[in-house]
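In our numbering, the protein residues as written are 178 to 508.
Just so you know, even glycine gets a beta-carbon here, dropped at the ideal spot from N, CA and C.
Model, not experiment: these values are computed from the prediction.
Here is the structure:
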């Protein structure tokens, strides 16, 4: 398959270019597109054969659901049933934005999108290109991160091309994404609402809207609505470094064994010598989130074997960054 590369202005996309990508969606093909978090790859969410192409392109397990990307609450509400009134408060505050709402799916949603679950994730991205694409296509777009399964998420079209060139029909290239961390996934099928995956919208911000109605992350079974986390993982063994851990000593111990070592620091720590990759985060959790997957891919390109990553303060966006680091460390 030849992948059509379509470059667009993120703030003022050319409607003719958007229409090329939208036509591919209507024809049942797969298209990668930017969101405010990471790049997604999707297809017509109402066409099960088109949805199959997303799974095939990514080599994604069929028991890992996709998210329905929509252009409005009106479009989203046509896909679900039994919505609590409180959900509208969240939508008014955070949509468009990096908040995915998991609700009861109706019969319009193909079972492949939900991986056989009774629920579906709804997302209205805060990105002009993504919204214009969905509007022009005229259908909700079932999508997930635009990377091969097992690879870090893509925060630039360059990452998408490396993983999916020749595997999808088109890529809308609008430069790098803003947040770098995926959306927060919130189960709104029952109260209190439960965070299934920490993300760009923190628990604290959700509680500002619905105090006392937001629960912390609930552990999910394999194939559950939290989404599998293997795509957070670089090839290197990730070692989370907590306050009080001697990062320099830990890293140097592996370097002394001849291992290729990388370190990521977010505070003023003693830096180890003899390392092959050093990344210093100066801009707090926001910068850490933006750069996280780029760091994972950089570590892969330098064949790093052990990647020591300082854990940020686990509140606000830092909780989502820490979540991704802990998930990457799991083997």
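Does residue i come out as helix, strand or coil in the three-state DSSP assignment?
i, result
"residue 338", "helix"
"residue 303", "coil"
"residue 384", "helix"
"residue 487", "strand"
"residue 281", "strand"
"residue 218", "strand"
"residue 475", "helix"
"residue 287", "coil"
"residue 358", "coil"
"residue 378", "coil"
"residue 365", "coil"
"residue 499", "helix"
"residue 265", "helix"
"residue 274", "coil"
Determine the closest residue to residue i out of the options, with distance taken between C-alpha atoms.
i, options, result
"residue 495", "239, 234, 435 and 469", "469"
"residue 179", "394, 497, 351 and 347", "347"
"residue 202", "379, 190 and 246", "246"
"residue 386", "182, 351, 263 and 215", "263"
"residue 483", "432, 457 and 332", "432"
"residue 383", "366, 367 and 362", "362"
"residue 409", "349, 352 and 501", "501"
"residue 475", "321, 329 and 189", "329"
"residue 350", "451, 360 and 331", "331"
"residue 285", "276, 297 and 278", "297"
"residue 205", "343, 319, 304 and 217", "319"
"residue 460", "451, 442 and 447", "442"
"residue 540", "478, 430, 266 and 420", "Given a span of 178 to 508 for the chain in the structure shown, any question on residue 540 remains unanswerable."
With a CB to CB cut of under 8 angstroms and the five nearest residues on each side skipped, what residues in its chain are close to residue i?
i, result
"residue 466", "356, 357, 358, 377, 494, 497 and 498"
"residue 239", "232, 289 and 292"
"residue 435", "none"
Only counting the same chain, and skipping five residues up and downstream in sequence, which positions put a Cβ closer than 7 angstroms to that of residue i?
i, result
"residue 462", "489, 493, 494, 495 and 498"
"residue 506", "415, 416 and 417"
"residue 225", "287 and 289"
"residue 308", "248, 273 and 302"
Check the DSSP bridge columns for residue i and list the partner residues they point to.
i, result
"residue 392", "371"
"residue 565", "Nothing in the structure corresponds to residue 565, since the chain is present only between 178 and 508."
"residue 295", "Beta-bridge pairing links residue 295 to no other residue."
"residue 258", "281"
"residue 246", "300 and 318"
"residue 417", "486"
Using beta carbons (cut-off 8 angstroms, strictly below), is residue i in contact with chain D?
i, result
"residue 498", "In summary, chain D is missing from the structure at hand, where a single protein chain is found."
Using a threshold of 8 angstroms, state whether the C-beta atoms of residue i and residue j are closer than that.
i, j, result
"residue 198", "residue 183", "yes"
"residue 424", "residue 449", "yes"
"residue 306", "residue 369", "no"
"residue 282", "residue 366", "no"
"residue 208", "residue 345", "yes"
"residue 243", "residue 321", "yes"
"residue 230", "residue 326", "no"
"residue 195", "residue 313", "yes"
Give me, in chain order, the residues of the same chain whose beta-carbon lies closer than 6 angstroms to that of residue i; leave out the 5 immediate sequence neighbours on both sides.
i, result
"residue 316", "221 and 223"
"residue 437", "453, 480, 481 and 482"
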